[in-house]
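Protein chains in written order, with our numbering: chain A, 1 to 336; chain B, 1001 to 1264. Glycine is no exception: its CB is placed at the ideal position from the N, C-alpha and C atoms. Report on the following structure.
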């Protein structure tokens, strides 16, 4: 019974995602009629139809909105996935990608580069610096949490939070003392945004989300076991420490990749898994695909809000996710 | 023949100094043996080290001295997966954090027999259904585990252990939270399985009724062992448990019956 329900849910969410992706392309500060969007898409994807639109419209749809929509879907999917598995291995419903310390490491990397190094490798400088920061803070968290050969979930979370605070303190200090114009660039990145999306930047996040999904789906049984508790996991033949370490490294690398391009986007990783669990339950082989679809749909639409609410300005998407997501969740809680 | 042997185990809980801990939960020179198809009970007062001993037996806590052997294999020379393929455990820990269905909890028992990326086979599902049937919970597959009563949860966890197809079963106070009917049903069920079983049991009359042999643990030491009739004496109950009791024979069966003497 639950399998049939799952199949329908997956199908429905897949359809919603597909429709969302196409429809969301019609929104934005510049007006492009929906039928033009359709025709541009069909022409670009399948070579259908005649070109009867301006080069500007094609540029906006194909080079700006499509990659941005795709990045939104990828980031939403990735963050939701990471949130779900972190909550399982730490048995903490409040765990989310940002508690790992990875995001603040990325922020510190970005701040240092923007304020003190400059764009040495062009547009990619900020993402690369952020990723290096993320990687270093992951190693730092693991190094501290792993003392005495133990790696329990409380220690991991506490170390993540502690490293996070130290990293943010340094980043904020640098920002406070630094040049204000550079600060606002960093600030925008810190609040999250998909404005950096370009076709050539999509490969790495796409691969990392795909690889992460496949690996974590393969670990679905261990994830279920760990969710049941440390001792139960051991009696089921799982090495809790190894599973936790693997999940943590996969989650950190994915977070690093996503955050380095989109900045820190809150809420998605924390709340989407909870909503997904309400829909399909906590069993991970079913939960993870649902999280991926739900996270993508969610972020695609939040980005629509982000670029239309105060158009022509871009609202930082982190602000939008937090506000909309928080309200949505409160509504959901009250209804239940 | 599958047997479990605990050989002169010593174990101290983490974070306790030898100097000023109250020797609670500690193990000293504890030895114990479970033969194939034997139902062995572990009894002792609170804090005597029952749970510590069981944790050593199912390869959760690593003893500082001594050895845990399963079929002449030192369990610490084998993987936890190896052990889980042979030993199933019913704990008092329930996976209710995020909401799994009964079927999903029971299916977890297949974990030690599965590699990464392995799906559920027909055989896996058959084992899970069979296990649910044998604990009397068929038809509960789609219920949320968290909504069950304590007794039902306990039986689901037993079904999960059965799905593991173990050669030995370890139970940590399996009759806690159960009303008399399910206490009896659960222990009867376990005894019918005809696999080696080691269970810590609080209720001494239940222990007397169901166990082939008993071990008594006190302050981390095994202080007595043998058949219920050999072990359960007025003197032992007074010394180890600090209670007065009358002991006679169950009117219908051939095992000892304990009657507590309470002050008026």
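Is the Cβ-Cβ distance between residue 267(A) and residue 325(A) less than 9 Å?
yes
How big is the Cα-Cα spacing for residue 1065(B) and residue 1087(B)?
22 Å
Beta-bridge pairing of residue 296(A) - partner residues as DSSP gives them:
DSSP, once it has assigned bridges, lists no residue as partnering residue 296(A).
Sorry if obvious, but does the Cβ on residue 185(A) come closer than 8 Å to a heavy atom of the ligand MG?
Absence of the ligand MG is noted for the structure shown, with no ligands found whatsoever.
From what residue to what residue does the alpha helix (DSSP H) around residue 1122(B) run?
1122-1134
For the stretch 34-86 of chain A, list the alpha helix (DSSP H) runs that are entirely contained and at least 4 residues long, ordered along the chain.
Counting only runs of 4 or more, we get 34-46 and 55-58.
Roughly how many angstroms separate the alpha carbons of residue 232(A) and residue 1180(B), rounded to a whole number?
26 Å
If you follow the beta strand (DSSP E) that residue 270(A) is part of, which residue opens it and which one closes it?
Run containing residue 270(A): none in the beta strand (DSSP E); it sits in the alpha helix (DSSP H), 268-280.
Should residue 1070(B) be flagged as near chain A, meaning a C-beta pair shorter than 9 Å?
no
Checking the sheet assignment: what are the DSSP bridge partners for residue 98(A)?
Per DSSP, residue 98(A) has no beta-bridge partner at all.
Considering only the beta carbon of each residue, do residue 223(A) and residue 247(A) sit closer than 9 Å?
yes
For residue 1021(B), which residues from the same chain have a beta carbon less than 6 Å from its beta carbon, with the 5 sequence-adjacent residues on both sides left out?
Residue confidence for residue 1021(B) is low, a pLDDT of 49 falling below 50, so the modelled location carries little weight and cannot support an answer.
From residue 338(A) to residue 167(A), what distance separates their C-alpha atoms?
Shown here, chain A extends from 1 to 336; a query on residue 338(A) therefore has no answer.
Quick one, are the C-beta atoms of residue 344(A) and residue 197(A) less than 9 Å apart?
What is shown of chain A runs 1 to 336, which leaves residue 344(A) out entirely.
Under 9 Å, Cβ to Cβ, is there at least one residue of chain A near residue 1109(B)?
With 9 Å as the cut-off, residue 1109(B) counts as an interface residue toward chain A.
Step through the CB atoms of chain B and report whether any lies within less than 9 Å of the CB of residue 50(A).
no
What residues are listed by DSSP as bridge partners for residue 1041(B)?
1199(B) and 1214(B)
Contacting positions in the stretch 211-239 of chain A - beta carbon closer than 7 Å to chain B:
218, 219, 221, 224, 225, 227, 228, 229, 231, 232, 234, 235, 236, 237, 238 and 239: these are the residues of the stretch 211-239 of chain A whose beta carbon lies less than 7 Å from some beta carbon of chain B, given in chain order.
How would you list, in chain order, the residues of chain B whose beta-carbon sits under 7 Å from the beta-carbon of residue 276(A)?
None at all; the shortest Cβ gap to chain B is about 11 Å.
Based on the DSSP output, what are the partners of residue 107(A) in its beta bridges?
None; residue 107(A) has no bridge partner.
Residue 97(A) burial status per 10 Å Cβ neighbour count (16 or more: buried):
Burial call: buried.
Counting only C-beta atoms, is residue 7(A) closer than 9 Å to chain B at any point?
Any Cβ of chain B closer than 9 Å to the Cβ of residue 7(A) would place that residue at the interface, and such an atom is absent.
Measuring only between beta-carbons, confirm whether residue 281(A) sits less than 9 Å from chain E.
In the structure shown, chain E does not exist; the protein chains are A and B.
Could you work out which residues of chain A lie near residue 1244(B), taking near to mean beta carbons separated by less than 7 Å?
Contact annotation for residue 1244(B) against chain A: no contact, minimum CB-CB distance about 36 Å [criterion: below 7 Å].
Using the Cβ count rule (16 or more neighbours within 10 Å means buried), how would you classify residue 1048(B)?
buried
From residue 16(A) to residue 76(A), what does the alpha carbon distance come to, in whole angstroms?
14 Å
For residue 1011(B), count the other beta carbons within 10 Å of its own beta carbon; 16 or more makes it buried, fewer makes it exposed. Which is it?
buried
Exposed or buried, which one is residue 284(A) when buried takes at least 16 other CB atoms within 10 Å?
Its Cβ being crowded by 16 or more others within 10 Å, residue 284(A) is buried.
Excluding the 5 residues preceding and the 5 following residue 10(A) in the sequence, name in chain order all residues of the same chain whose CB lies nearer than 8 Å to its CB.
Cβ within range, chain order: 289, 290 and 293.
Provide the residue(s) that pair with residue 1225(B) in DSSP beta bridges, ordered along the chain.
1215(B)
Between the stretch 1114-1148 of chain B and chain A, which residues of the former have a C-beta closer than 7 Å to a C-beta of the latter?
1114, 1116, 1117 and 1142
What does residue 289(A) pair with, by DSSP beta-bridge criteria?
In the DSSP output, where bridge partners are listed per residue, residue 289(A) has none listed.
Quick check on the DSSP output: the beta strand (DSSP E) that includes residue 1249(B) runs from which residue to which?
1245-1249
I believe residue 306(A) touches residue 320(A) by the beta-carbon criterion, under 8 Å. Please report the beta-carbon distance rounded to the nearest angstrom.
Their Cβ separation, rounded to whole angstroms, is 5 Å, which keeps residue 306(A) and residue 320(A) in contact under 8 Å.
In chain A, which residues lie with their C-beta within 7 Å of the C-beta of residue 1251(B)?
Going along chain A, no residue has its Cβ under 7 Å from residue 1251(B), so there is no contact; the nearest lies around 39 Å.
Limits of the beta strand (DSSP E) - the one that residue 1066(B) falls within:
In the DSSP assignment, residue 1066(B) falls within the beta strand (DSSP E) that extends over 1065-1070.
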